[in-house]
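Participant: Quick one: the structure is below, questions incoming.
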Amino acid sequence: MKIYNTLTKQKQEFIPIKEGEVSMYVCGPTVYNLIHIGNARPMICFDTVRRYFTYKGYKVNFVSNFTDVDDKIIKKAMEEGVESDVISERYIAECKKDMEAMNILPATVHPLATKEIGGMIQMIQNLEDKGYAYSKDGTVYYRTRKFQGYGKLSKKNIDDLEAGHRDIKVRGEDGKDDPLDFVLWKPKKQNEPYWDAPWSKGRPGWHIECSVMAKRYLGDTIDIHAGGEDLVFPHHENEIAQSEAANGSEFAHYWMHNAFLNINNQKMSKSLGNFFTVRDISEKYDLQILRFFMLSAHYRNPLNFSEELMEAAKNSLNRILTAVDNLNRLAQTSTISEISAEEKEQLDQADRYRLDFEQAMDDDFNTADAITAIFDLVKFSNTNATSENSKVYLVGLLEKINMLCNILGVDPMPKEVGPSEEVVNLIFARNQARKEKDFAKADEIRNQLLDLGVTIKDTREGTVIVK
RNA sequence: GGCGAGUUAGCCAAGUGGUAAGGCGUGGGUCUGCAACACCCUGAUCGUCGGUUCAAAUCCGUCACUCGCCUCCA
């Protein structure tokens, strides 16, 4: 399996620290509002990575935090006149709802920054003891220039940073020895949540939490650290500086970053008015479609979002859903129990698509190509499966498609919701009319069904409800 | 100013040396009472110019355009 590593700028063979296991840390959202569809991209991408590892037989230890102490949360709390944990708890709950709807598996651990303050103080103390941190007036800074490898992830040269971006240098916060230094701990301001620490009553800086949570739940060195590409600098760069200085060992072997989700080729932002929350989208689409849409492009390529593209994704996904639906029905009604030699051969043939799928996923999680393998399998099934086939064969095909879809976190199996008595009666009446060649009446009944939100179609095996 | 990414059919999107996967859409056809589904057919020489090579969408250089990071941000 090959993974593109931001650190080396190359695809590299994945070699786990511990055989058969993967430790993965994904930077999670700051919970000050409903998550937006941009937040959803890393969640979906890396959940898919995790599922694939699991499919390949790895035991995955997947950790993803919620940042529940932050300026934005505090601001929102003040606006509403509540404590900041009211805000964070509310949006963590909402985020979990969205995640479930997108079929994102809960992490092995979802740590909260506010529950890890002790570890953060310890790590900051450790950094200070080793000379990587210094404090002034209750604020603790990281001494960036002391860390040899600073810039190795984002490929930035410390001197370029200074020379190139004078604004920062000039604006450098008071108290810093060097404008590149960043905050590890800051004293509280009025009405802010705070914790007791050796330097001041205050709260942690923006980067220390991930270093600490990764260490606590996954160890000093982890296999994969992931997040959005915007986190490469400074967040991940700073995490490396903190963790490697404090722990004295490499922080993560593989760094994975997803590209941005854009709206009309532009970054999503509230000021441009092109801002969508996952909840917004869920009002119009099943979030499986959003998931499928995101996986239709490679995670390292920017992806554009639009209504038109969602419609296309919906139609594409429907093709798979329809095929599965047909197989399901055929399997349920098949009366042949014995699988034939020819059918066996066909199943073997269809297995090729599973291999194609794996090949695509092994190549840095090329989900776009992997989906192609599913479509190939769908076509194979649409072409070959009939009511003449044995149950074993049909279920075999069904399971193949189902398995591949599940790796992508797409659930193609229809939800078992029985039709109401009214609907059953209408369908019965329509078929009665059709038998009597009273097609006008048949069409009228179909329109009635449509009004009830029921779409039907006639197949060789009888009339079925599409959705 | 520094660093980086991208440019493939109407739309989306794979493809890193041997003459372009797949999906959506369009048009035509088969099937069907009709419809839907499905199936068959239908489309690009890969931003520009130049170079390397027997051979390039794929390597090198050029120009153009788009985008991202350098500040909280997935």
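Numbering follows the numbering used here, with no gaps: position 329 of the first sequence is 334.
Where a beta carbon is used, it is the ideal one built from N, C-alpha and C, also for glycine.
Less than 6 Å between C-beta atoms, sequence neighbours within five positions excluded: which residues of the same chain meet that for Asn-306?
Facilitator: Counting only Cβ-Cβ distances below 6 Å, and skipping sequence neighbours, we find Ala-264.
Participant: I'd like the span of the alpha helix (DSSP H) that includes Ser-140, first residue to last.
Facilitator: Careful: Ser-140 lies outside any alpha helix (DSSP H), inside the beta strand (DSSP E) at 138-141.
Participant: Considering only residues of the same chain and omitting the five flanking positions on each side of Ser-216, which have a CB-CB separation below 6 Å?
Facilitator: If you ignore the 5 residues before and after Ser-216, its C-beta comes within less than 6 Å of the C-beta of Glu-244, Gln-247 and Ser-248, all in its own chain and listed in chain order.
Participant: Hey, out of Asp-90, Asp-381, Lys-349 and Gly-154, whose CA is closest to Val-400's CA?
Facilitator: Lys-349
Participant: Helix, strand or coil for Tyr-96, going by three-state DSSP, please let me know.
Facilitator: helix
Participant: Give me whichever residues DSSP pairs with Glu-197 in a beta bridge.
Facilitator: Answer by DSSP bridge pairing: none, since Glu-197 is not bridged.
Participant: Using a Cβ-Cβ cut-off of 8 Å (strictly less than) and excluding sequence neighbours within five positions of Gln-293, which residues of its own chain qualify?
Facilitator: Counting only Cβ-Cβ distances below 8 Å, and skipping sequence neighbours, we find Met-107, Asn-108, Leu-322, Val-415 and Asp-416.
Participant: Going by the beta-carbon positions, is the gap between Arg-435 and Leu-39 smaller than 7 Å?
Facilitator: Not closer than 7 Å, so no.
Participant: Whether or not the stretch 286-300 and the stretch 45-62 are in contact is what I'm after, with contact meaning three or more pairs of Cβ atoms, one per stretch, closer than 8 Å; do they touch?
Facilitator: yes
Participant: So, are the CB atoms of Trp-204 and Val-114 less than 7 Å apart?
Facilitator: no
Participant: In angstroms, rounded to a whole number, what distance separates the CA positions of Arg-150 and Lys-160?
Facilitator: 15 Å
Participant: In whole angstroms, what separates the C-alpha of Leu-454 from that of Leu-335?
Facilitator: 24 Å
Participant: Whose CA, out of Thr-327, Tyr-63, Glu-26 and Ala-445, lies closest to the CA of Thr-460?
Facilitator: Nearest neighbour of Thr-460 by Cα position, chosen from Thr-327, Tyr-63, Glu-26 and Ala-445, turns out to be Thr-327.
Participant: Excluding sequence positions up to five away, which residues of its chain have a Cβ less than 7 Å from the Cβ of Lys-44?
Facilitator: The sequence shown places Asn at residue 44, not Lys. Closer than 7 Å at the Cβ level, and outside the excluded window around Asn-44, lie Pro-34.
Participant: If you reduce the DSSP assignment to three classes, tell me which class Val-65 lands in.
Facilitator: strand
Participant: In whole angstroms, give me the CA-to-CA distance for Ser-386 and Ala-373.
Facilitator: 20 Å
Participant: Of the residues Ser-311, Leu-223, Arg-208 and Gly-124, which one's Cα is nearest the Cα of Pro-21?
Facilitator: Leu-223
Participant: What's the C-alpha gap between Ala-257 and Phe-152?
Facilitator: 16 Å
Participant: Under a Cβ-count criterion, where at least 16 other Cβ atoms within 10 Å of its own Cβ denotes burial, should Val-471 be classed as buried or exposed?
Facilitator: exposed
Participant: Quick check: the Cα distance between Ser-89 and Lys-81, rounded to an integer number of angstroms?
Facilitator: In a straight line, the C-alpha of Ser-89 is about 8 Å away from that of Lys-81.
Participant: I want to know whether the stretch 114-124 touches the stretch 57-77 - three or more CB-CB distances under 8 Å.
Facilitator: yes
Participant: Just the C-alpha distance for Thr-340 and Ala-438, rounded to the nearest angstrom, thanks.
Facilitator: 29 Å
Participant: Quick one: grab the DSSP three-state call for Ala-118.
Facilitator: helix
Participant: Could you say which of Ser-392, His-241, Glu-105 and Arg-357 lies nearest to Phe-380 if we only look at CA atoms?
Facilitator: Arg-357
Participant: Please confirm whether Leu-308 and Leu-277 have their CB atoms less than 7 Å apart.
Facilitator: no
Participant: Using DSSP with H/G/I as helix, E/B as strand and the rest coil, what is Asp-228?
Facilitator: strand
Participant: Starting from the Cα of Tyr-147, find the closest Cα among Asn-162, Asp-182 and Lys-157 and give me that residue.
Facilitator: Asp-182
Participant: Run through the stretch 31-75 for me and flag every whole alpha helix (DSSP H) of 4 or more residues, listed as ranges in chain order.
Facilitator: Correct list: 42-60.
Participant: Rounded to the nearest angstrom, how far is the Cβ of Asp-353 from that of Lys-16, given a contact under 8 Å?
Facilitator: The Cβ separation is near 31 Å, so there is no contact.
Participant: The ligand FMN heavy atoms versus the CB of Arg-451: any closer than 6 Å?
Facilitator: Looking at this structure, you won't find the ligand FMN or any other ligand, since it has none at all.
Participant: Taking the continuous beta strand (DSSP E) assigned at Thr-468, which residues delimit it?
Facilitator: 467-470
Participant: Taking Val-188 as part of the beta strand (DSSP E), name the residues at either end of that continuous run.
Facilitator: Element bounds for Val-188: 187-192.
Participant: Pick out whichever of His-212, Asp-103 and Ala-250 has its Cα sitting closest to the Cα of Gly-154.
Facilitator: Ala-250
Participant: Given Gln-130, which residues of its chain have a CB within under 8 Å of its CB, disregarding the five upstream and five downstream residues?
Facilitator: Cβ-Cβ distances below 8 Å link Gln-130 to Pro-203 in the same chain, with the five nearest sequence neighbours on each side left out; the list follows chain order.
Participant: With a CB to CB cut of under 7 Å and the five nearest residues on each side skipped, what residues in its chain are close to Glu-449?
Facilitator: None.
Participant: From the DSSP output, in three-state form, read off Arg-208 for me.
Facilitator: strand
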